[in-house]
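Residue numbers (our numbering), protein chains in the order written: chain D, 3 to 496; chain U, 5 to 483.
Spelled out as structure tokens, the structure:
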């Protein structure tokens, strides 16, 4: 059965297939352009120029994904190794937006810290390319390719503040853990390949339709891949690296990674588990339910005792991964749509929260303790208001996006019969309110501190946009949810 | 659009107020509150008295995938709470002293009032929940940023976490109800005709009742209340104690009772809740008896009085439920007046300890006169408003089970004891303790005058309210 596929290939076919991965191709083109710009321009002008190329590249990529969403025909390309279906497009839009936000945030941060700018944007572009490949991958091989592209760029980014020990430590830790994760995923993939005879995900599903249950190769493969995936979404009990890496990495990197890696890893989980192994659903659902439950418990309880905002948000991210897994476990159109909706709005609220902390950075380094937020309400009104929105949204207060995201996830969970998981999620949400509100206390408590918090126009725009999106997409969640449903259809054919 | 305006106006107005200087902010806020009172009054006067069901309906598709609608409506039940909310908001804003941070305070007060109005008007379960939880945000900031006492932040957090523990479980209940009734609708009127099986009802009733019991608060779930009420600034207490507690009772009446007519599996919730209500009546009264802090005494009295309301709701007959609604309005008026009086006494004398002052009647005769009326209203003197409501709830309870009424009546006996002890101890006897700076001002008297007038009006003519409560006992809503 394997290797009998048609291996003939023509240039015209290759070019036609390029349409399916238009967003990736565009971004790669701009990435190469940025490399050239970086080489050609004098040192003093590189940073700004590369930033502009990056933003234009992300915008083009975003536009092409949106165009294809509206007018294009999704289909598989390159012998089923990649696909330009709605699922891929949804994530491409997400990642391109995230790229723009990250560049906008990093620009002033890097200048303030005196770090090299052009390489940073190049690496972010590379990481986004990896994420997009991951989202459009329909073969285990391309999944792994995307995962590695993404990870390698992020290893370097974590250690970007070269003179800082903590950043170095973060990079080393992330490299080791990431290597482990990749190894687990790869091993699992090998076993699934052995059990199903193909690496193309839809083919796997087809091949296993009749003879899925009880094959130890597959079960072990699911377990291995599950561990690797959990490491990547930073779900407990495989979350240990998250707080350290989040704390050590420069803030824009943390902001980027906390959303991007998570979204990419969820795309991977959905593609492989929900798309490729629907016939083994009970097995991986049990595994993921365990991971979701531990994530919610560990993440929320550990976040309470944190004194660093970065670590607090890291543990909050662990907990949020737990909530999102409920949607994956529930599956179906509405379950996956809920995950996609939540991931998209999670970009705004979580990135926004990190962006606000980024703005506190001074020339001497990052400031991420509760005390650094003191009097923010007077020091920078916009940042304070935005942070309030982000925290209330992460805590799930209506009418913010966080509430509707949870409503969709929980509805899917209860409908699929995972009421116990939803009840646990709800109880843990109560716990989470405690620490999210704790962040707001120093912001609004009257304080003698009055020094302004400077924020560049680009960052103010990024934060303001995230804040507005966190409310508007909640007041009117329908369009995004429909997009999520359309994005989920390639995974769950009717 | 009328109903949308009732909640949107204070919300937008509140956001604007926050940017104004203090004095202007207060008066602009009062204007906003007054305008929404006028709009609410318009709704009250033009509501059709004999119509069963919701009026002034607004319906807009919101999230079609889950059949979630933006649905508003009022009927004879919610109308009175809506009026109470708008009315007390005006009083509360007017009672706010002008200080440096008044604008923020008034803005948050208006936002909370908007949330409460939304809770009373929402006829879609998800929309109800959105308002229910959104109003926690301004309430939290009010308690924490503008609270009194050593640790207002702690009290605020306790209040929010307590309430959230209940309401987030209610969210699971809402989802569960949606799925158990066949994923058709969140429309309250329609859901009332689609009851799930009794054992499912048992579980769903529990999560809903828990949220409402915490908010009301009912007996074993009341421990957030003394802390929160002690920390709350007086103008906030007018709506916080006067209206927000009623939201819990309203939830029982509007959602828990009609949606789950038979919540019995391991035991029957229809008996558990009224027993807890009786416990709240007695426990609240006993706790009020032993308090020396006047603010705390009034707070505990509130627990006791809320017990009557819940008891009336769970009598499952017209007298009891009409009495409960009447009592929600009555209690809102009385508790607001009581908190204002207690705050003024402590402002003018510098102490809240009821034993530290005596014989104030000679030193502040006007205050004594007003306090006397309010005290008599609070203890249920016939002719004043509370009497009718409490009598009706007990009558309803008697019809359901005489024992409930008998034990509930213990509260009626205890109330005069602590209220009169407070009144006599502070006002009568030979003057002692710190000398008040003055009697209450004309402005303060003007603030109390409408409250006192309503106590007489509702005491003498409760029929004005009850005649409109046609939805009570309406076929389909209660079986």
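Backbone N, C-alpha and C fix where the C-beta goes; we use that ideal spot for every residue, glycine too.
Residues are counted here when their Cβ sits less than 9 Å from a Cβ of chain U; for the region 436 to 452 of chain D these are 436, 439, 440, 442, 443, 446, 447 and 448, given in chain order. Shortest Cα-Cα distance from residue 414 of chain U to any of U:33, U:337 and U:398 involves U:398.
Between the C-alpha atoms of residue 482 of chain D and residue 405 of chain D there is a straight-line separation of about 14 Å. Among the residues of chain U, none has a CB under 8 Å from the CB of residue 463 of chain D; the nearest is roughly 22 Å distant. If you ignore the 5 residues before and after residue 486 of chain D, its C-beta comes within less than 6 Å of the C-beta of 339, 342 and 343, all in its own chain and listed in chain order.
From the beta-carbon of residue 141 of chain U, the residues of chain D found nearer than 8 Å are 394 and 399. In its chain, beyond the 5 residues on either side, 78, 138 and 140 have a beta carbon closer than 6 Å to the beta carbon of residue 85 of chain D. Distance from the CA of residue 236 of chain U to the CA of residue 34 of chain U, rounded to the nearest whole angstrom, comes to 20 Å. The closest CA to that of residue 355 of chain D, considering only D:427, D:410, D:366 and D:438, is found on D:438. For residue 138 of chain U, the nearest CB of chain D lies under 8 Å from its own CB, placing it at the interface with that chain. In the structure shown, the three-state DSSP call for residue 188 of chain U is coil. Under the three-state reduction of DSSP, residue 64 of chain U is assigned to strand. The CB of residue 413 of chain D comes closer than 8 Å to the CB of 70, 179, 182 and 183 in chain U, given here in chain order.
When secondary structure is reduced to three states using DSSP, residue 367 of chain D falls in the strand class. Counting along the chain, residue 398 of chain D sits inside no alpha helix (DSSP H), nor does DSSP assign it H or E at all. Your pair residue 384 of chain U and residue 391 of chain U checks out as a contact, with CB atoms roughly 5 Å apart and the cut at 8 Å.
One Cα belongs to residue 283 of chain D, the other to residue 301 of chain D, and the distance between them is close to 26 Å. Counting only the Cα atoms, residue 417 of chain U lies some 18 Å from residue 316 of chain U. Every alpha helix (DSSP H) stretch that sits fully inside the region 202 to 281 of chain D and reaches 4 residues is listed by chain position as 203 to 210, 218 to 235, 243 to 250 and 253 to 271. The beta carbons of residue 60 of chain U and residue 78 of chain U sit closer together than 8 Å. Under the 8 Å criterion on CB atoms, residue 309 of chain D is classed as non-interfacial with respect to chain U. For residue 300 of chain U and residue 292 of chain U, the gap between their C-alpha atoms comes out near 7 Å. In this structure, DSSP gives residue 78 of chain U an extended state, which the three-state scheme calls strand. Under the three-state reduction of DSSP output, residue 350 of chain U falls in the helix class. Contact between the region 322 to 338 of chain D and the region 401 to 416 of chain D is present, with at least three C-beta pairs closer than 8 Å.
Residues are counted here when their Cβ sits less than 8 Å from a Cβ of chain U; for the region 480 to 495 of chain D these are 480, 483, 484 and 487, given in chain order.
For residue 431 of chain D, at least one C-beta of chain U is nearer than 8 Å to its own C-beta. Rounded to the nearest angstrom, the Cβ distance from residue 401 of chain D to residue 102 of chain U is 32 Å, too far for a contact under 8 Å.
Just measuring C-alpha positions, the residue of U:406, U:296, U:223 and U:451 sitting nearest residue 324 of chain U is U:406. When beta bridges are read from the DSSP output, residue 72 of chain U appears opposite U:67. Near chain D, meaning a CB-to-CB distance below 8 Å, the residues of the region 142 to 156 of chain U are 144, 145, 148 and 149. Taking C-beta atoms as the reference points, residue 136 of chain U and residue 171 of chain U count as a pair closer than 8 Å.
Rounded to the nearest whole angstrom, the C-alpha separation of residue 180 of chain D and residue 386 of chain D is 35 Å. Judged by beta-carbon spacing, residue 323 of chain D lies beyond the 8 Å limit of residue 104 of chain D, meaning their Cβ atoms are not closer than that value. Rounded to whole angstroms, the Cβ separation of residue 212 of chain D and residue 310 of chain D is 52 Å, and the two are not in contact under 8 Å. Bridge pairing for residue 59 of chain U: U:78 [DSSP].
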